[in-house]
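S.K.: According to my numbering, the stretch in the sequence shown is residues 22 to 160, in order. Note that CB positions come from ideal geometry on N, CA and C, so glycine has one too. My questions will all concern the structure given below.
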Amino acid sequence: MKEEFNERLNTLVARKKSNSVYLINTARYQDFIKEVKEIKSKPYKDFEDYKMLASYDVLDVNGRERMIQPRNEVNPSIKFYVPLEELFGVLHTIHLLFKHANIDVMEAELKTKFCNVSKEVIKIYLTCCKTCQEKKSNT
Numbered sequence: 022m023k024e025e026f027n028e029r030l031n032t033l034v035a036r037k038k039s040n041s042v043y044l045i046n047t048a049r050y051q052d053f054i055k056e057v058k059e060i061k062s063k064p065y066k067d068f069e070d071y072k073m074l075a076s077y078d079v080l081d082v083n084g085r086e087r088m089i090q091p092r093n094e095v096n097p098s099i100k101f102y103v104p105l106e107e108l109f110g111v112l113h114t115i116h117l118l119f120k121h122a123n124i125d126v127m128e129a130e131l132k133t134k135f136c137n138v139s140k141e142v143i144k145i146y147l148t149c150c151k152t153c154q155e156k157k158s159n160t
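Printed below as a string of structure tokens:
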């Protein structure tokens, strides 16, 4: 299941813009973290720096640096960015936790914790779940 998901995900990534942060690998994810930290430490920031800080922040979670969406009064909750290599695990956990949840349930739950997991990626995951496909074909 994981291999099939990763193949389909790689096809999707190949179709998307290369500068998209929504589907990034771990190396690029780490580069973003480094860049955000460098910008935050600069005494003087330009327009591009402020633009970057408006979209990304870094949070230390149990000794591991994670990229998050900046929090504010309107959006006080922490929403993480997920690198490609961790997407399957995140989707699989939510899917099983909610007993083979459908796309709407998964999307609603994922949106509370993550900011770069799209409906398109959830659909790819669900097409790879054999149990859900069997249920679908039996109805």
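Please confirm whether V111 has its beta-carbon closer than 8 Å to some beta-carbon of chain D.
M.R.: The structure shown contains no chain D, having only a single protein chain.
S.K.: Can you give me the start and stop residues for the beta strand (DSSP E) that R87 sits inside?
M.R.: Locating residue 87 in the sequence shown gives position 66, where the first residue counts as 1. For R87, the enclosing beta strand (DSSP E) stretches over residues 85–89.
S.K.: Restricting to Cα atoms, I'd like to know which of E106, Y146, P104 is closest to H116.
M.R.: What you label residue 116 is simply residue 95 of the sequence shown in a count that begins at 1. Ranking E106, Y146, P104 by Cα distance to H116 puts Y146 first.
S.K.: Hey, how far is the Cα of Q51 from the Cα of Q90?
M.R.: Looking up residue 51 in the sequence shown gives position 30. Looking up residue 90 in the sequence shown gives position 69. Near 15 Å, if we compare the C-alpha coordinates of Q90 and Q51.
S.K.: So, using beta-carbon positions, are F53 and Y71 closer together than 8 Å?
M.R.: To locate residue 53, count along the sequence shown from 1; it is residue 32. To locate residue 71, count along the sequence shown from 1; it is residue 50. Against a cut-off of 8 Å, the Cβ pair of Y71 and F53 comes out as no contact.
S.K.: Where does D52 sit, in a helix, a strand or coil, going by DSSP?
M.R.: Taking the sequence shown and counting its residues from 1, one reaches residue 52 at position 31. For D52, the secondary structure class from DSSP, reduced to helix, strand or coil, is helix.
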